[in-house]
Amino acid sequence: MDVGKCPSCGSSKLIYDYERGEIFCAVCGSIVTQDIVDLRQEWRAFDASQREKRSRTGAPESILLHDKGLSTDIGSDRNITGLMREKMYRLRKWQSRLRVSDAAERNLAFALSELDRIASQLKLPRHVEEEAARLYREAIRKGLIRGRSIESVIAACVYAACRLLKIPRTLDEIADIARVDKKEIARSFRFIARNLNLTPKKLFVKPTDYVNKFADELGLSEKVRRRAIELLEEAYNRGLTSGKSPAGLVAAALYIASLLEGEKRTQREVAEVARVTEVTVRNRYKELVEKLGLSIV
Numbered sequence: 085m086d087v088g089k090c091p092s093c094g095s096s097k098l099i100y101d102y103e104r105g106e107i108f109c110a111v112c113g114s115i116v117t118q119d120i121v122d123l124r125q126e127w128r129a130f131d132a133s134q135r136e137k138r139s140r141t142g143a144p145e146s147i148l149l150h151d152k153g154l155s156t157d158i159g160s161d162r163n164i165t166g167l168m169r170e171k172m173y174r175l176r177k178w179q180s181r182l183r184v185s186d187a188a189e190r191n192l193a194f195a196l197s198e199l200d201r202i203a204s205q206l207k208l209p210r211h212v213e214e215e216a217a218r219l220y221r222e223a224i225r226k227g228l229i230r231g232r233s234i235e236s237v238i239a240a241c242v243y244a245a246c247r248l249l250k251i252p253r254t255l256d257e258i259a260d261i262a263r264v265d266k267k268e269i270a271r272s273f274r275f276i277a278r279n280l281n282l283t284p285k286k287l288f289v290k291p292t293d294y295v296n297k298f299a300d301e302l303g304l305s306e307k308v309r310r311r312a313i314e315l316l317e318e319a320y321n322r323g324l325t326s327g328k329s330p331a332g333l334v335a336a337a338l339y340i341a342s343l344l345e346g347e348k349r350t351q352r353e354v355a356e357v358a359r360v361t362e363v364t365v366r367n368r369y370k371e372l373v374e375k376l377g378l379s380i381v
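Under the numbering used here, think of the first position of the sequence shown as 85, with each following residue one higher.
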């Protein structure tokens with residue numbers, strides 16, 4: 085362990101002796117520092133269960149838990165019997181009640197459990213789930229939840245988090261998993277975005293972000309994906325994407341690219357993957373072909 089130079093001979097070859105708590109020079113043997121406190125753990129663990137039992141600290145603070153993981157859990161022990169077992173059962177029951185002692189805590193606990201369910205089914209990264217939890221906590225702090233269902237607001241927060249962090253998830257996908265109607269989620273999303281200062285610039289998602297997701301489901305090659313991205317970028321530069329649904333634009337671009345690269349997919353197949361109608365795909369297809377001057381054989 086290099087901590088400087090030896091004051092006696094000037095050598096930088098210093099060794100840290102963990103057992104003695106000393107740092108000495110490897111050249112002349114002089115003790116440079118002594119009585120150093122060893123901050124390493126003195127125990128070893130060979131599997132996860134041993135590590136959990138011997139560790140003296142709990143899990144780190146988490147925004148995904150209603151109490152941020154700071155409250156105490158009373159565990160169970162199968163070795164205790166009789167009156168002590170009944171006593172521990174009552175303690176655990178009261179402890180669980182105290183953790184959600186008021187309406188606000190119950191609201192947050194339910195919302196975060198619903199968030200965990202949605203994020204799990206959508207296979208969202210942890211940082212997206214944490215951003216959705218942060219948005220929901222901010223909405224509670226500003227009193228934006230009153231008059232709206234918990235399910236619609238937490239689903240709206242998930243959708244907002246996906247757009248803020250550029251994760252390609254459509255409102256239709258979230259509505260399929262959430263226990264509320266798509267229109268209600270959309271209303272909650274617009275209300276939250278307005279009151280939490282989530283500007284269109286922050287929430288803007290480029291259509292190209294959806295290309296790989298849809299192309300994976302359609303089984304298209306890298307060549308088709310690149311051509312679709314080129315078409316979308318050219319359409320964006322010409323102002324053809326303004327006011328258009330990203331899913332519909334990506335569906336049309338992939339359909340055109342699949343025709344150009346000889347990996348044809350039908351409009352119905354593309355529409356089903358993008359969760360739009362065939363009419364939408366057809367309209368976006370005609371616009372792109374006409375405005376970009378494409379020749380489709």
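Built from N, CA and C at the ideal position, the CB exists for glycine as well.
Inset, instruction - Can you grab the Cα-Cα spacing for the pair Leu338 / Glu257, in whole Å? - result: 19 Å
Legend entry - Where Pro291 falls, given that 16 or more other Cβ within 10 Å makes a residue buried: buried
Legend entry - Residues that Tyr100 bridges to, as DSSP identifies them: Ile107
Legend entry - Where Gly332 falls, given that 16 or more other Cβ within 10 Å makes a residue buried: Classification for Gly332: buried.
Legend entry - Val373 versus Ile380 - alpha carbon distance: 8 Å
Legend entry - Inside the stretch 249-318 only - alpha helix (DSSP H) runs reaching at least 4 residues: Runs of the alpha helix (DSSP H) lying entirely within the stretch 249-318 and spanning at least 4 residues, in chain order: 255-261, 266-279, 284-287, 295-302.
Legend entry - Residues near Asp293 in its chain [Cβ-Cβ closer than 7 Å; skip 5 each side]: Lys250, Pro252
Inset, instruction - Can you grab the Cα-Cα spacing for the pair Glu214 / Ser329, in whole Å? - result: Taking the CA atoms as reference points, Glu214 sits about 27 Å from Ser329.
Inset, instruction - Consult DSSP for Val334 and reduce its assignment to one of helix, strand or coil. - result: Note: Val334 maps to helix in three-state DSSP.
Inset, instruction - Could you name the residues of the same chain whose beta carbon sits closer than 6 Å to that of Val308, not counting the 5 residues immediately before and after it, in chain order? - result: Ala341, Ser342, Glu345, Glu347
Inset, instruction - Verify whether the separation of the beta carbon atoms of Ile158 and Met168 is less than 8 Å. - result: no
Inset, instruction - Count the other CB atoms, across all protein chains shown, that sit within 10 Å of the CB of Leu175; report buried if there are 16 or more and exposed otherwise. - result: exposed
Legend entry - Collapsed DSSP secondary structure at Thr165 in the structure displayed: Secondary structure of Thr165 (DSSP, three-state): coil.
Legend entry - Reduced DSSP category for Leu121 - H, G, I as helix; E, B as strand; rest coil: It should be noted that the sequence gives Val, not Leu, for residue 121. Coil.
Inset, instruction - Using beta-carbon positions only, say whether Leu378 and Arg349 come within less than 8 Å of one another. - result: no
Legend entry - Cβ shell of Ala129 (< 6 Å), same chain only, five flanking positions each side left out: Arg135, Arg138
Inset, instruction - State yes or no: is the C-beta of Leu208 within less than 8 Å of the C-beta of His150? - result: Taking 8 Å as the Cβ cut-off, Leu208 and His150 do not qualify as a contacting pair.
Inset, instruction - Starting from Leu364, trace the alpha helix (DSSP H) both ways and give me its first and last residue. - result: Reading the sequence as shown, one finds Thr at residue 364 and not Leu. Start and end: 362-376.
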